[in-house]
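A short worksheet on the structure shown next.
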Amino acid sequence: MSGGRSAQAAIAIILAGGRGSRLGGRDKAAITLGGERLVDRAVSAARDGGALAVIVAGPAAAVPPGCIGVREEPAYGGPLAALAAALERPEAATATETLLLSCDLVDPAAVVGRLSGARWPAGADALVLRDPDGREQWLAGRYRLAPLREGVTALGAVSGLPIRQALSGLRIAWLDTAADDVADIDTPEDLDRARARSELGAD
Numbered sequence: 001m002s003g004g005r006s007a008q009a010a011i012a013i014i015l016a017g018g019r020g021s022r023l024g025g026r027d028k029a030a031i032t033l034g035g036e037r038l039v040d041r042a043v044s045a046a047r048d049g050g051a052l053a054v055i056v057a058g059p060a061a062a063v064p065p066g067c068i069g070v071r072e073e074p075a076y077g078g079p080l081a082a083l084a085a086a087l088e089r090p091e092a093a094t095a096t097e098t099l100l101l102s103c104d105l106v107d108p109a110a111v112v113g114r115l116s117g118a119r120w121p122a123g124a125d126a127l128v129l130r131d132p133d134g135r136e137q138w139l140a141g142r143y144r145l146a147p148l149r150e151g152v153t154a155l156g157a158v159s160g161l162p163i164r165q166a167l168s169g170l171r172i173a174w175l176d177t178a179a180d181d182v183a184d185i186d187t188p189e190d191l192d193r194a195r196a197r198s199e200l201g202a203d
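Now the structure itself:
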């Protein structure tokens with residue numbers, strides 16, 4: 001991974017276990033865009049960005065070949081519980097930094113490119129993208145694993161807690177970016193827009 005950090009120390013954690021309730025219960029990871037599952041697009045972007053191990057938190061069907069699968073307990077315990085499960089893997093214990101991505105990013109390559117090309121400011125624990133409206137995109141970030149783990153473990157039981165509760169105490173370097181770069185798929189309308197955008201890009 002670039003930006004002054006060693007690729008040897010980098011992993012990626014991709015969260016792929018949500019219920020997709022605003023999509024009528026559809027499995028987000030299995031939704032296709034441009035002929036690829038969303039989770040496969042995120043994994044490819046992470047690998048292209050230098051991640052030597054990719055941990056996918058979600059059901060077994062969401063875990064692409066060559067990735068490490070984990071599942072939060074209880075299932076559907078939320079993204080923070082999924083992150084906590086991923087951090088228990090030995091790959092996370094030996095690495096120094098991680099990409100943290102949601103599987104439903106429309107353009108994960110743009111997210112990873114922005115994060116991988118940035119340099120760590122002195123004292124920062126994380127680089128996190130922020131959209132033009134000022135919304136923090138916690139699942140489009142690059143984190144030092146030691147403070148990330150400390151933020152999660154300090155909470156104790158994490159099932160059902162919002163992920164920002166563990167991450168907002170970190171020293172964050174915000175990277176402002178275009179809305180399209182951090183677009184995700186939460187609703188049928190989001191999916192329609194993403195597919196229209198994908199078709200335009202293929203022309």
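The sequence shown begins at 1 in UniProt numbering and counts up by one.
Cβ coordinates follow ideal geometry from the N, Cα and C atoms, glycine included.
| request: Taking glycine 141 as part of the beta strand (DSSP E), name the residues at either end of that continuous run. | output: Where glycine 141 is concerned, the enclosing beta strand (DSSP E) stretches over 136-144.
| message | Cutting at 6 angstroms between CB atoms, please list the residues of its own chain near aspartate 203, excluding the five before and the five after it. | response | Caution applies to aspartate 203, whose pLDDT of 46 falls short of 50 and renders its modelled position unreliable; the value that the coordinates give is listed next. Closer than 6 angstroms at the Cβ level, and outside the excluded window around aspartate 203, lies no residue.
| Endpoints, the alpha helix (DSSP H) within which valine 111 is located | Note, valine 111: alpha helix (DSSP H), 108-116.
| Does the stretch 168-177 come close enough to the stretch 129-137 that 3 or more CB-CB pairs lie under 8 angstroms? | In short, these stretches touch, since the Cβ pair count reaches three.
| message | Can you tell me which residues form a DSSP beta bridge with glycine 69? | response | Its beta-bridge partners are Val56.
| alanine 179 by DSSP, collapsed to three states: which one? | Here alanine 179 sits in helix by DSSP.
| 8 angstroms contact criterion, which alanine 62 and alanine 29 should meet: CB distance rounded | Distance from alanine 62 to alanine 29 at the Cβ level is roughly 4 angstroms; contact confirmed, criterion being Cβ atoms closer than 8 angstroms.
| With burial defined as no fewer than 16 other Cβ atoms inside 10 Å of the residue's Cβ, what is the status of aspartate 181: buried or exposed? | With 16 or more Cβ atoms within 10 Å of its Cβ, aspartate 181 is classed as buried.
| query | Does DSSP put glutamate 88 in a helix, a strand or coil? | reply | The answer is coil: DSSP assigns glutamate 88 none of H, G, I, E or B.
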